[in-house]
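Numbering (my numbering), first residue to last: 495 to 616.
Now the structure itself:
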């Protein structure tokens, strides 16, 4: 999913003009991509003169840190605080949660490979 680096976006609106599904709008003079409307064609990325339209892969470290902040917040909840057994159980549940997400992702990728050989029309 493309996203806008707010520090690079100059508000030129080139991406808005080129978006065939009108998934991009301006919010406080910065382009914003509506994830639900975006069809992931990559045109906005290609036309942005400032390279402000970025790729998901750049956000992986940020997402990992966000997950860790969430886990640490849970661990400090009064239910878990000062109870190593409960903390260990929570970490194991979180590991299962992320392992499940990994499996869903892997299986989705496998199914997408099958779709590559299928033609789609209206």
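Positions of the beta carbon are idealized from the N, C-alpha and C atoms, including for glycine. Just so you know, these numbers come straight off a predicted model, no measurement behind them.
Local Cβ density within 10 Å of residue i, reported as buried at 16 or more and exposed below that
i           : result
residue 543 : exposed
residue 533 : exposed
residue 608 : exposed
residue 563 : exposed
residue 554 : exposed
residue 547 : buried
residue 498 : buried
residue 518 : buried
Those residues which DSSP pairs with residue i across a bridge
i           : result
residue 526 : 519
residue 547 : 498
Straight-line Cα distance separating residue j from residue i
i           : j           : result
residue 526 : residue 504 : 12 Å
residue 561 : residue 596 : 14 Å
residue 495 : residue 588 : 25 Å
residue 506 : residue 583 : 50 Å
residue 556 : residue 550 : 10 Å
residue 545 : residue 502 : 7 Å
residue 530 : residue 592 : 24 Å
residue 576 : residue 570 : 9 Å
residue 580 : residue 599 : 29 Å
residue 453 : residue 521 : There is no way to answer for residue 453, as the model of the chain reaches only from 495 to 616.
residue 516 : residue 574 : 46 Å
residue 585 : residue 524 : 39 Å
residue 601 : residue 568 : 29 Å
- Task: Determine contact between the stretch 505 to 520 and the stretch 531 to 538, defined as no fewer than three beta-carbon pairs at a distance below 8 Å.
- Result: yes
- Of all the alpha helix (DSSP H) runs that stay within the bounds of the stretch 530 to 580, which reach a length of 4 or more residues? 537 to 541, 554 to 569
- Tell me the start and end of each unbroken alpha helix (DSSP H) in the stretch 585 to 612 that is at least 4 residues and wholly inside, in chain order. none
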